[in-house]
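Note sheet for the following structure.
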Amino acid sequence: MKLHNRHKRKKRRKLWRKFVPVLSLLLLFAIALPIYGFKIEPYWLQVKTVPLTLPHLASEFDGYRIVQLSDLHIVDEMPQRYLERVIRVTNRQQPDLIAITGDIVTDEPQRYASRIEAALQKLEAPTVSVMGNHDHWSDPTAVRQILKNSRVIDISNGVYDVYRKSAQLHIAGVDDVWAGAADLDLVMAQLPDEGAAILLAHEPDFADTAVKTHRFDLELSGHAHGGQVTIPFVGPPVLPPYGKRYPVGQYQIEDLIQYTNRGIGMVSPRARFGSRPEITVFQLSSAQAAE
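Positions 364 to 654 (the numbering used here) are the ones given, in order, by the sequence shown.
Given below as C-alpha cells:
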C-alpha cells in the first residue's frame, strides 16, 4: 500500500511539473495582454505610406503628398505627449496637404477646445477636414469653431481646389452620414468637371454611394478604427454602422479606390489590439505622367 501511495505521489509531482510552465505562461499572458491592449498598442503609432496612381491626376501633381489623420477623439485620457508626437510625425512627412476625416472629439468639444487648437495650429501644411458622427453628437457648432480657430478648413459638403499652373486637384468632402448631414448633390454641384477629385467621407461605407458618380478617383475615410480590437484570424468582433463593409485599409470598388484609416484615438473601451493607431501618407502618381 505504501509503495502504491508513493508511486501515486510521484506521478502527481511529474504531472504538476508538466503543468507549471503552461500555467505560468497563461498567467503571464493574462497579465501582459491587458497591459499591451490598454497601455502599449493605443500609443504605438504607425506611419503607413500608400503609393497610389490616380487615372485623372494631372502630371503637375505627380508626387503630391497627402497625409490623412482620422478619429483623434481627444479626451482627458489621451496623453499630451502622444498628441504632440502625432503632430510632430505628421509634419515630418512633409505633406502638401493634410486631410482629417472626422471625429476630432468624442464629446464636450468646449472642454478640449484650447488643447485641440494648440495642437492643430502646429500643423505645417494646408489642412482640410470633414465632420464625424461624434463631432455632430457633441456640438457641431463648437467643433466647427475649433476647426476655424485652428486654421483647418471645414469642407463638409464642400470642395477645396488645389492648383498647380493650369492643372487642378479637387478635394471634396461630405458631412457626416450617420448624423444625416451628408449632401452629395450639393458637393457635386460645386465640383468642377475638370481635374482629379478626391472625396473625404468619415464613414467608409459611403463609398458605395460615391462610386455611382464615377467622379472620384479616391475616397478617404475613418470611423471604424480598424475594429479597434481584432481577434487574430477572425477579425474585429464589433464594427460601427456605416463602417462594416470597408473597415480598414485599401479597397477597389469599380473605378474608386477606398482607403479607411485606423484612426489616432479611441472610444470606449479604451484599448487597441491588432489595430495600431495610424498616420497614412498617400504618395500620388499621375497616370498621365507615366504615359
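We put the beta carbon where it would ideally sit given N, CA and C, even for glycine. Quick caveat, the model's predicted, so the values are computed rather than measured.
In this structure, does DSSP put residue i in helix, strand or coil?
{"i": "residue 490", "result": "strand"}
{"i": "residue 550", "result": "helix"}
{"i": "residue 483", "result": "helix"}
{"i": "residue 540", "result": "coil"}
{"i": "residue 620", "result": "strand"}
{"i": "residue 674", "result": "A query on residue 674 cannot be resolved here, the shown segment of the chain reaching from 364 to 654 and no further."}
{"i": "residue 456", "result": "coil"}
{"i": "residue 464", "result": "strand"}
{"i": "residue 566", "result": "coil"}
{"i": "residue 559", "result": "strand"}
{"i": "residue 498", "result": "helix"}
{"i": "residue 470", "result": "coil"}
{"i": "residue 581", "result": "strand"}
{"i": "residue 366", "result": "Interpretation of residue 366 is limited by its pLDDT of 49, a score under 50 that renders its predicted location unreliable; the figure taken from the coordinates is listed afterwards. It is helical."}
{"i": "residue 449", "result": "helix"}
{"i": "residue 477", "result": "helix"}
{"i": "residue 608", "result": "coil"}
{"i": "residue 503", "result": "helix"}
{"i": "residue 394", "result": "helix"}
{"i": "residue 321", "result": "Residue numbering for the chain in the displayed model covers 364 to 654; residue 321 lies beyond these limits and cannot be assessed."}
For residue i, which beta-bridge partners are listed by DSSP?
{"i": "residue 524", "result": "533"}
{"i": "residue 592", "result": "636"}
{"i": "residue 675", "result": "In the structure as shown, the chain starts at 364 and stops at 654, and residue 675 therefore has no counterpart that could be examined."}
{"i": "residue 440", "result": "Paired residue(s): none; residue 440 is not in a bridge."}
{"i": "residue 516", "result": "491"}
{"i": "residue 646", "result": "414, 428"}
{"i": "residue 598", "result": "594"}
Should residue i be labelled buried (16 or more other beta-carbon atoms within 10 Å of its own) or exposed?
{"i": "residue 437", "result": "buried"}
{"i": "residue 635", "result": "buried"}
{"i": "residue 621", "result": "buried"}
{"i": "residue 551", "result": "exposed"}
{"i": "residue 568", "result": "buried"}
{"i": "residue 366", "result": "Because residue 366 carries a pLDDT of 49, less than 50, the predicted location of this residue cannot be relied on, and no value is offered for it."}
{"i": "residue 513", "result": "buried"}
{"i": "residue 522", "result": "buried"}
{"i": "residue 487", "result": "exposed"}
{"i": "residue 643", "result": "buried"}
{"i": "residue 647", "result": "buried"}
{"i": "residue 577", "result": "exposed"}
{"i": "residue 520", "result": "buried"}
{"i": "residue 611", "result": "buried"}
{"i": "residue 594", "result": "exposed"}
{"i": "residue 405", "result": "buried"}
{"i": "residue 596", "result": "exposed"}
{"i": "residue 600", "result": "exposed"}
{"i": "residue 412", "result": "exposed"}
{"i": "residue 398", "result": "exposed"}
Thinking just about the alpha-carbon of each residue, which of the options is nearest to the one in residue i?
{"i": "residue 425", "options": "415, 621, 452", "result": "415"}
{"i": "residue 494", "options": "633, 615, 583, 598", "result": "583"}
{"i": "residue 618", "options": "580, 593, 609", "result": "580"}
{"i": "residue 539", "options": "530, 556, 492", "result": "492"}
{"i": "residue 526", "options": "557, 548, 517", "result": "557"}
{"i": "residue 624", "options": "616, 638, 615", "result": "638"}
{"i": "residue 544", "options": "607, 651, 528, 497", "result": "497"}
{"i": "residue 509", "options": "477, 518, 532", "result": "477"}
{"i": "residue 507", "options": "486, 485, 532, 463", "result": "463"}
{"i": "residue 444", "options": "408, 466, 470, 422", "result": "408"}
{"i": "residue 455", "options": "467, 590, 410, 573", "result": "410"}
{"i": "residue 603", "options": "570, 614, 481, 587", "result": "587"}
{"i": "residue 546", "options": "572, 524, 560, 532", "result": "572"}
{"i": "residue 563", "options": "537, 503, 574, 575", "result": "537"}
{"i": "residue 515", "options": "457, 397, 533, 481", "result": "481"}
Regarding residue i and the ligand GDP, is the C-beta to nearest heavy atom distance less than 7 Å?
{"i": "residue 562", "result": "Judged by which ligands are present, the structure shown has none, so any question about the ligand GDP falls away."}
### Query
Where are the beta strand (DSSP E) runs, 3 residues long or more, that stay fully inside the stretch 400 to 434, in chain order?
409 to 417, 428 to 432
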